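Residue numbers (our numbering): 2 to 175.
Notes to accompany the following structure.
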Ligand code: AMP
């Protein structure tokens with residue numbers, strides 16, 4: 002599979018979840034075994050030699066590839082979730098996104114200062130969600146933060162919101 006072939010499996014849904022948004026629907030790629038293999042292999046190649054110790058996925062579309070990568074790296078999986086979903090003590094950060102405002106949380110015992118962390122989400126739009134996730138992870142004084150997306154919407158210039166020390170990579174650009 003090539004990037005161009007995978008792109009053909011990503012569906013544009015107009016005016017979802019609100020009018021004016023062209024939603025990049027990845028479910029049409031996830032249901033295809035070759036696309037899933039492409040995502041898994043590409044992500045593994047990017048991060049296999051980075052000394053990653055923790056893989057985090059952002060609710061909910063980040064929960065699909067993050068555990069697969071974690072498993073392949075011989076690691077577990079840690080969820081960043083919307084407010085009120087995680088049962089134990091959490092840190093939280095609020096943020097604005099392409100549509101609406103949200104609060105995300107991470108368990109206080111999820112990470113430690115020796116960790117090299119990869120945070121994954123399906124798509125980079127304005128970058129608000131992932132920037133908030135980085136802020137959450139920084140509360141643990143981790144050694145290094147890597148950020149990964151399957152898809153980046155280049156015209157929104159979301160990659161520019163991250164601090165210079167954060168390594169940001171996307172597999173597919175629109
Ligand atoms: P942002 O914080 O603006 O970068 O938005 C990223 C989050 O919102 C990701 O979790 C995406 O799943 C979702 N999202 C935002 N815009 C879109 C879009 N146009 N197509 C698909 N997902 C989107």
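Just so it is clear, CB atoms sit at the ideal spot from N, CA and C, and this is done for glycine as well.
All figures in this text were calculated on a predicted structure; none of them were measured in a lab.
Taking the alpha carbon of residue 152 as the reference point, which residue from 94, 20, 73 and 128 has its own alpha carbon closest? The alpha carbon of residue 152 has as its nearest neighbour, out of 94, 20, 73 and 128, the alpha carbon of 128.
Taking the alpha helix (DSSP H) that residue 138 falls in, what are its first and last residues? From DSSP, the alpha helix (DSSP H) with residue 138 extends over 129-139.
Could you check which residue in 23, 146 and 39 has the C-alpha nearest to that of residue 51? Checking every option, the nearest Cα to that of residue 51 belongs to 146.
Given the structure, does residue 91 come close to the ligand AMP, in the sense that its CB is under 6 Å from one of the ligand's heavy atoms? False, no ligand heavy atom lies under 6 Å from that Cβ.
Local Cβ density within 10 Å of residue 149, reported as buried at 16 or more and exposed below that: Residue 149 is buried by the Cβ-count criterion.
Identity of the residues DSSP links to residue 80 by a beta bridge: According to DSSP, which records beta bridges pairwise, residue 80 is partnered with 58.
Regarding residue 125 and the ligand AMP, is the C-beta to nearest heavy atom distance less than 6 Å? Yes, the Cβ of residue 125 comes within 6 Å of a heavy atom of the ligand AMP.
Can you give the Cα-Cα distance for residue 55 and residue 131, rounded to whole angstroms? Roughly 16 Å between the two C-alpha positions.
Any heavy atom of the ligand AMP within a distance shorter than 6 Å of the CB on residue 159? The ligand AMP has a heavy atom closer than 6 Å to the beta-carbon of residue 159.
Could you tell me whether the stretch 56-67 touches the stretch 100-119, using the rule of 3 or more Cβ pairs below 8 Å? Contact between the stretch 56-67 and the stretch 100-119 is present: 3 or more CB-CB pairs across the two stretches fall below 8 Å.
Is residue 97 a contact residue of the ligand AMP, with contact defined as CB to any heavy atom under 6 Å? No - the ligand AMP has no heavy atom lying nearer than 6 Å to the Cβ of residue 97.
If contact is defined by three or more beta carbon pairs under 8 Å, each pair taking one atom from either stretch, is the stretch 25-40 in contact with the stretch 90-98? Note that the stretch 90-98 does not touch the stretch 25-40; fewer than 3 beta-carbon pairs, one per stretch, sit closer than 8 Å.
Given a threshold of 16 other Cβ atoms within 10 Å of its Cβ, counted over all protein chains shown, does residue 161 qualify as buried or as exposed? Residue burial is scored here from C-beta neighbours: residue 161 has fewer than 16 other C-beta atoms within 10 angstroms and is therefore classed as exposed.
Delimiting residues of the alpha helix (DSSP H) encompassing residue 69: In the DSSP annotation of this structure, the continuous segment of the alpha helix (DSSP H) that includes residue 69 starts and ends at 66-73.
Less than 6 Å separating the Cβ of residue 25 from some heavy atom of the ligand AMP? Under cutoff, so the answer is yes.
Between the CA atoms of residue 158 and residue 19 - distance to the nearest angstrom: Each residue's Cα considered, the two are about 21 Å apart.
Mapping the DSSP letters down to three states, classify residue 3 as helix, strand or coil. Here residue 3 sits in coil by DSSP.
For residue 128, is the beta carbon positioned less than 6 Å from some heavy atom of the ligand AMP? Annotation for residue 128 indicates a beta carbon within 6 Å of some heavy atom of the ligand AMP.
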